[in-house]
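Comments concern the structure below.
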Amino acid sequence: MVRFDLESQGDVPRQAALRRAIVAAIETARLAPGQALPSSRELAQSHGLARNTVVAVYEDLIARGLLHSVPRRGVFVAAGAASAPARDAPPPSPATPGWTERLQRRPSLQRNIVKPRDWQRYPYPFIYGQVDPGLFPLAAWRACSRDALGRNAVNWWVADHIAEDDPLLIEQLRRHVLPRRGILAREDEILTTLGSQEGFYLVAQLLFGPGTTVGVEDPGYPDARNIAVLHAGAVRHLPVDAEGLVPGPSLDGLDALILSPGHHCPTMAPLSPARRRTLLEWARQSGAVLIEDDYEGDLGDGGPALCAQDRAGCVLHLGSFSKVLAPGVRLGFLVGPAPFIAEARALRRLMHRNTPLVVQRTAALFLAEGHYDGLIAKLREAEHERRMALRNAVRQHLPAFGMAEHAEGSALWLRCPPGIGADALCAAAAGGGVLVEPGGVFFADPATAPDCIRLGISAIPAERIEPGIMRLAACARILADRHEAPAP
Numbered sequence: 001m002v003r004f005d006l007e008s009q010g011d012v013p014r015q016a017a018l019r020r021a022i023v024a025a026i027e028t029a030r031l032a033p034g035q036a037l038p039s040s041r042e043l044a045q046s047h048g049l050a051r052n053t054v055v056a057v058y059e060d061l062i063a064r065g066l067l068h069s070v071p072r073r074g075v076f077v078a079a080g081a082a083s084a085p086a087r088d089a090p091p092p093s094p095a096t097p098g099w100t101e102r103l104q105r106r107p108s109l110q111r112n113i114v115k116p117r118d119w120q121r122y123p124y125p126f127i128y129g130q131v132d133p134g135l136f137p138l139a140a141w142r143a144c145s146r147d148a149l150g151r152n153a154v155n156w157w158v159a160d161h162i163a164e165d166d167p168l169l170i171e172q173l174r175r176h177v178l179p180r181r182g183i184l185a186r187e188d189e190i191l192t193t194l195g196s197q198e199g200f201y202l203v204a205q206l207l208f209g210p211g212t213t214v215g216v217e218d219p220g221y222p223d224a225r226n227i228a229v230l231h232a233g234a235v236r237h238l239p240v241d242a243e244g245l246v247p248g249p250s251l252d253g254l255d256a257l258i259l260s261p262g263h264h265c266p267t268m269a270p271l272s273p274a275r276r277r278t279l280l281e282w283a284r285q286s287g288a289v290l291i292e293d294d295y296e297g298d299l300g301d302g303g304p305a306l307c308a309q310d311r312a313g314c315v316l317h318l319g320s321f322s323k324v325l326a327p328g329v330r331l332g333f334l335v336g337p338a339p340f341i342a343e344a345r346a347l348r349r350l351m352h353r354n355t356p357l358v359v360q361r362t363a364a365l366f367l368a369e370g371h372y373d374g375l376i377a378k379l380r381e382a383e384h385e386r387r388m389a390l391r392n393a394v395r396q397h398l399p400a401f402g403m404a405e406h407a408e409g410s411a412l413w414l415r416c417p418p419g420i421g422a423d424a425l426c427a428a429a430a431g432g433g434v435l436v437e438p439g440g441v442f443f444a445d446p447a448t449a450p451d452c453i454r455l456g457i458s459a460i461p462a463e464r465i466e467p468g469i470m471r472l473a474a475c476a477r478i479l480a481d482r483h484e485a486p487a488p
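According to UniProt numbering, the sequence shown is numbered sequentially starting from 1.
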């Protein structure tokens, strides 16, 4: 009798596991066209399943054309159901043109934030930008997704709306999300994006060119820096301190400035009120554009968005749902003057028309029914508890590490003491199950970057924070002892 490996199908219900296993067996030719499958009773008994589960799977695969039923004989693999097994492509011949020589840009050579795919297996994941599945209101999201798949909603989003966004989501952004940040905007001043990442790219495509000079924070968000490098004629790296970006003569001659005023990336320092006023006045007088990355806007308490304080129309606002919902939702928004948004919409159309409308509708329902507000309250409470636990643990177990006392947000930026390299510390910690991010990638020049680390709190439960910091401290002591040990 054919055996199906249900355990290798992942953490899914048994019915789904059996369905996947049968499909995989057909696709890999373990089950050939015309081959008989066990009866529902036999398969249920041999695999510890309910007979109704097997019957449901058989009926589903028959409806899909992968199986067919013959009265009084049984269930068989349908003719033509098998697929050719996956194979690697043959190696390129020596005559194949060199693609490296054809490329006008090599973004793969840029330095980026790297996170292990298996970060969830680490018992102490101090990783930034991931979410705690235990805090996500899965039942509410599932209900909104089900409603988005209802007949009335489907009739709308299955159509090709070209470059238009879901009007329900735009309305929720206008009335629900943006006012929370102090922003009042019309429909023609809002565009949805595939996260704030796409927002950066749209802005760069439309505003940056060979003759433009763009300022970025140093340290700062690597992807914003990399996008600027790809598109602008010159990129200027501007210093940051405990009050955020430092205004000064380095602003002279800039055409645009990318900054994260709510919570600076990666130090989490908020831009001070005085510097906000200085930068807004500078932009008004110089004609430069301020590009605001408000990546933790709904979770933070850094005051209103910079865009809300803009009276001259010189701020473009980038927002994202990634930190509240999940990175995998890939949904964000861009707010700016209507003429700019019109061009951004036209450019987005050339790229992929619009963001997936079924995702837009699901998010719109999630907002309209109040689930988003409840999730923000839950995340803020959890973040506060974890941040306090992390600060206390660092003070107790890592007293030599420099820590910003007043920065908020879902991460803590630490400066390593002399003799402890950030890369070496992160590598040693990973070996002990503690995942910590080295800070060098955030600096424009890695050769002169100070040794810093970033500790995220969004994915680690509060009760694991102190044990994780104790392990990190043990690794730091070993590195410090090696540094202080006399040479033989």
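All C-beta atoms in this analysis are idealised placements derived from N, C-alpha and C, irrespective of residue type, glycine included.
None of the values given here were measured: they were computed from a predicted structure.
Taking 8 Å as the threshold, find out whether the segment 452–465 comes into contact with the segment 116–133 through three or more Cβ pairs. yes
**OP:** Excluding the 5 residues preceding and the 5 following A308 in the sequence, name in chain order all residues of the same chain whose CB lies nearer than 7 Å to its CB.
**Re:** R181, G182, I183
Given a cut-off of 8 Å on the beta-carbon distance, is the pair Q205 and L347 in contact? yes
Selection from P261, Y201, A32 that minimises the alpha carbon distance to G332:
Y201
Please state the DSSP three-state secondary structure of S39. coil
* For S410, which option in G297, M1, G336 has the closest C-alpha, if you only look at C-alpha atoms? -> G297
message = From the DSSP secondary-structure annotation, give me the bridge partner or partners of C452.
response = R415
When you compare the CB of R349 with every CB in chain C, is at least one pair closer than 8 Å?
This model lacks chain C altogether, as it is built from one protein chain only.
*Going by DSSP, what residues sit across from E217 in a beta bridge?*
L238
Exercise for the section: Compare the Cα-Cα distances from P438 to each of D445, H263, A422 and report the closest residue. Expected result: A422
- Message: Could you compute how far the alpha carbon of P261 sits from the alpha carbon of L271?
- Response: 5 Å
- Task: Give a yes or no on whether the C-beta atoms belonging to I113 and V441 are separated by under 8 Å.
- Result: yes
Between the Cα of Q104 and those of L230, F208, G34, T212, spot the shortest distance and give me the residue it belongs to.
L230
Practice item. Take V75 and list the residues in its own chain whose beta-carbon comes closer than 6 Å to its own, dropping the five residues that flank it on each side. Key: L37, Y58, L67, S69
Short of 7 Å in beta carbon distance, which residues of its chain neighbour L173, apart from the five on each side in sequence? Order them along the chain. I190, F333
- request: Go to T100, then tell me how far its alpha helix (DSSP H) extends in each direction, as first and last residue.
  value: 99–102
- prompt: Rounded to a whole number of angstroms, what is the C-alpha to C-alpha distance between I236 and V315?
  reply: At residue 236 the sequence reads Arg, which differs from the Ile that was named. Rounded to whole angstroms, R236 to V315 spans 19 Å at the Cα level.
Compare the beta carbon distance of P239 and D223 with 8 Å and say whether it is the shorter of the two. no
task = Only counting runs of 3 or more residues, tell me where the beta strand (DSSP E) segments fall wholly within the UniProt domain "HTH gntR-type" (12–80), in order along the chain.
result = 67–70, 74–77
- Alpha-carbon spacing of D310 relative to T278, whole angstroms: 12 Å
Worksheet item: DSSP on G440, reduced to helix/strand/coil?
Response: helix
request  = Would you grab the beta carbon distance between D147 and A153 for me? Rounded to a whole angstrom, and I think it's under 8 Å.
outcome  = 7 Å
*Kindly list the residues whose CB is nearer than 7 Å to the CB of D400, restricted to its own chain and excluding five residues on each side of it in sequence; keep chain order.*
Per the sequence shown, residue 400 should be read as Ala rather than Asp. Taken in chain order, the residues that qualify are P417.
- In the DSSP assignment, what are the bridge partners of D293? L318
T212 beta carbon less than 8 Å from that of A242
no
**Asked** Can at least three beta-carbon pairs, one atom from the segment 341–358 and one from the segment 385–393, be found at a separation below 8 Å?
**Response** no
With 16 other CB atoms within 10 Å as the buried threshold, where does P446 fall?
exposed
- Item | Cα-Cα separation between L207 and R361, rounded to whole angstroms | 30 Å
How about A393 and E463: do their beta carbons lie closer than 8 Å?
no
Does T362 come out as helix, strand or coil in the three-state DSSP assignment?
helix
Exercise. Within 10 angstroms of the Cβ of L138, are there 16 or more other Cβ atoms? Answer buried if so, exposed if not.
Key: exposed
When burial is assigned at 16 or more other CB atoms within 10 Å of the CB, is T100 buried or exposed?
exposed
Check your understanding: Is A312 helix, strand or coil by DSSP?
Key -> coil
key: Endpoints, the beta strand (DSSP E) within which F340 is located   = That residue, F340, is in no beta strand (DSSP E); its alpha helix (DSSP H) goes 338–352.
Check your understanding: Looking only at C-alpha atoms, which of F366, I478, H371, A430 sits nearest to L169?
Key -> F366
Whose C-alpha, out of R477, R482, L435, is nearest the C-alpha of R117?
L435
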